[in-house]
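2 protein chains.
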Amino acid sequence: MIELAAEPLTKAAFAPFGDVIEMEGRASFPINQGFAERFNDLAIVDVSDDGGTTNVSIIVANPRPMPIALQVMERHPLGSQFFVSLQERDWLIAVCTDPKDVTSYRIFRAIGRQGINYHKGAWHHPLLVFDRDSRFLVVDRKGPGKNLEENWLDGDKSLRITP
Amino acid sequence: MIELAAEPLTKAAFAPFGDVIEMEGRASFPINQGFAERFNDLAIVDVSDDGGTTNVSIIVANPRPMPIALQVMERHPLGSQFFVSLQERDWLIAVCTDPKDVTSYRIFRAIGRQGINYHKGAWHHPLLVFDRDSRFLVVDRKGPGKNLEENWLDGDKSLRITP
């Protein structure tokens, strides 16, 4: 059994896997006659391969048993996929560059105001949340073609997370 | 001075202007090994005209003086534009089919769990919120071309909202 400790989610640390969707550290400009401020261009939506289009969804997630054991890594070879908490809740993100290489795994703890956008092909675990009925806005790809690869993990060598 | 009363936001009433992004009344299916439920395909993102691509933004809006007087109607002829509250806050939506025709205006009150997606070319007012620092996730278009038309309203005949 291997314990993986969560690290804070930052743009630099997450860059190999995708974008962090947040206002922090980003330029903004006033709009709406001065009644609003806009932070533009926070993620690269990349869904048009092989005739894909944009899919806007809400996903409601529930916690897995604690301590959290990673069960399966997945990736979407045809499109990006973003997740933003609709309740400002902290959550966990598990990614890797090679699901068979334990040393390639990274665990990030997002604060409620941080969303993430997995780049096309980035290996990630399904949603890991702390609270019941955690709602996310999700923008990813719909369309023809096989856009899901899964790598199931070996329970005997289960990767566990220390949040 | 003309008073416009807000009505509840429903898919049917809003259909001439765009999509309502919500789980209510939508089909869902289980994902993530049963730990999550997905509500798919809640809005039509339509941003690719004239070389456009998807722009993911956060907009932080502040209330206008009460009673709210509509100031300017705008539309985006080249792309859709969606808004989802990141704090589950109620907000107001003002739309019309012809900004010069007072009888064409509709005011909707969205509950915090309802987002909306303006279809390409739908006339709408800039954000109308009740609380300071109201944050929205926004997905619209970036790219070449003129994607903003404005119609300023005549202050003498100002349209006022009864929330």
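One line per chain: the protein sequences are B and W, in this order.
Sequence positions in the first sequence follow the numbering used here and run 64 to 226.
Sequence positions in the second sequence follow the numbering used here and run 64 to 226.
Each residue gets a CB set at the ideal place from its N, CA and C atoms; glycine is no exception.
Quick check: is the beta carbon of residue i nearer than 8 angstroms to any beta carbon in chain B?
i        : result
Trp222/W : As written in the sequence, residue 222/W is Leu, which differs from the Trp given in the question. So, not an interface residue.
Leu141/W : no
Arg101/W : yes
Leu149/W : yes
Ala90/W  : no
Ala78/W  : no
Phe171/W : no
How would you call residue i, buried or exposed, if buried means at least 16 neighbouring beta carbons within 10 angstroms?
i        : result
Gln96/W  : exposed
Val201/B : buried
Trp186/B : buried
Asn214/W : exposed
Ala173/W : buried
Pro162/B : buried
Ala287/B : Look at the range of chain B in this structure, 64 to 226, and you will see that residue 287/B is not part of it.
Val119/W : buried
Gly81/W  : buried
Arg138/B : buried
Less than 8 angstroms between the C-beta atoms of residue i and residue j, yes or no?
i        : j        : result
Phe8/W   : Ile84/W  : Here chain W has residues from 64 to 226 only, and residue 8/W is not among them.
Asp109/B : Gly208/B : no
Thr225/W : Leu67/W  : yes
Arg204/B : Leu141/B : yes
Leu211/B : Ala124/B : no
Leu149/B : Arg198/B : yes
Ala78/W  : Leu222/W : no
Glu100/B : Ser91/B  : yes
Asn180/B : Ser143/B : yes
Arg169/B : Val158/B : yes
Val147/W : Gly178/W : yes
Arg152/B : Asp194/B : yes
Leu216/W : Gln134/W : yes
Met129/W : His188/W : no
Ile121/B : Met86/W  : yes
Thr117/W : Thr117/B : yes
Between which two residues does the beta strand (DSSP E) holding residue i run?
i        : result
Phe145/B : 144 to 148
Ser120/W : 116 to 124
Asn95/W  : First-last for Asn95/W: undefined, no H or E at that position.
Arg195/B : Here Arg195/B belongs to no beta strand (DSSP E), and DSSP marks it neither H nor E.
Ala173/B : 168 to 173
Glu213/W : 212 to 215
Asn180/W : 178 to 181
Pro71/B  : 65 to 71
Leu155/B : 154 to 159
Glu137/W : 135 to 138
Between which two residues does the alpha helix (DSSP H) carrying residue i extend?
i       : result
Phe77/W : 74 to 77
Determine, using beta carbons only, whether residue i comes closer than 8 angstroms to chain W.
i        : result
Gln177/B : no
Lys74/B  : no
Arg195/B : no
Ile124/B : First, the amino acid is wrong: residue 124/B is Ala here, not Ile. With 8 angstroms as the cut-off, Ala124/B counts as an interface residue toward chain W.
Asn210/B : no
Gln144/B : no
Ile121/B : yes
Val108/B : yes
Val158/B : no
Arg138/B : no
Val202/B : yes
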